[in-house]
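Numbering (the working numbering), first residue to last: 17 to 164. Backbone N, C-alpha and C define an ideal beta-carbon position, used for all residues, glycine too.
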Amino acid sequence: MIALLQRVSHASVAVDGATIGAIDAGLLVLLCAEKGDSEKEGDALLAKLLGYRVFSDEAGKMNRSVTDIHGGLLLVPQFTLAADTKSGTRPSFTPAASPEDGLRLFDHVVRQARARHPVVETGQFGADMKVSLTNDGPVTFWLQVNPK
17 MIALLQRVSH ASVAVDGATI GAIDAGLLVL LCAEKGDSEK EGDALLAKLL GYRVFSDEAG
77 KMNRSVTDIH GGLLLVPQFT LAADTKSGTR PSFTPAASPE DGLRLFDHVV RQARARHPVV
137 ETGQFGADMK VSLTNDGPVT FWLQVNPK
């Protein structure tokens, strides 16, 4: 499972011109399930991103997590993160989970996030979304949890 984390001062996602999710300071997380992923990988990735220390402490060091700062979490499904770009000029999406598995795992991560974190907003699986953000830093990290 893949997550692209971006530390933001604001982020939102809109579908058909209507905002369906928005946060202030926190993390915008683009999520992608790959073939072979299960709820186990989703749980491990969520634990890692909730504890990932990307926010500054009093000394200006990245020592605080989104949980520590009580920041927002905007989870957006994005299967294109699994693209195979090794050859040619057109990406292949064969590494991505099937749409059914992708939706199931995205919904699982969202449920678990809402049980563990107070501010969780989402995008819409399968929709044409418009994502807006103000990347704070910029600070962006790629996290990946592979099936064992």
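Distance from the CA atom of S114 to the CA atom of A143, rounded to whole angstroms, is 15 Å. Sequence-distant Cβ neighbours of L119 in its own chain, meaning closer than 6 Å and more than five residues away, are F141. Note that the C-beta distance between L21 and L47 is not below 8 Å.
Residue environment: E116 is assigned as exposed (fewer than 16 neighbouring CB atoms within 10 Å of its CB, all protein chains considered). Scanning its chain for C-beta atoms nearer than 8 Å, with the 5 sequence neighbours on each side dropped, one finds around Q128 the residues G58, D59, L62, in chain order.
Distance from the CA atom of K146 to the CA atom of I39, rounded to whole angstroms, is 15 Å.
Annotation: the continuous beta strand (DSSP E) that includes G153 extends over 145 to 160. As computed with DSSP, Q128 is found in no beta bridge at all. The criterion of a C-beta distance shorter than 8 Å is satisfied by A41 and G87. Judged by beta-carbon spacing, L97 lies beyond the 8 Å limit of D53, meaning their Cβ atoms are not closer than that value. Rounded to whole angstroms, F109 and F95 show a C-alpha spacing of 8 Å.
In the DSSP annotation of this structure, A60 is not part of any beta strand (DSSP E); the continuous alpha helix (DSSP H) holding it starts and ends at 55 to 67. Counting along the chain, I39 sits inside the beta strand (DSSP E) bounded by residues 34 to 39.
In the assembly as shown, T35 is an exposed residue. Its beta-carbon has fewer than 16 other beta-carbons within 10 Å.
Excluding residues up to 5 positions away in sequence, V24, S25, H26, A27 lie with their Cβ nearer than 8 Å to the Cβ of T150 in the same chain.
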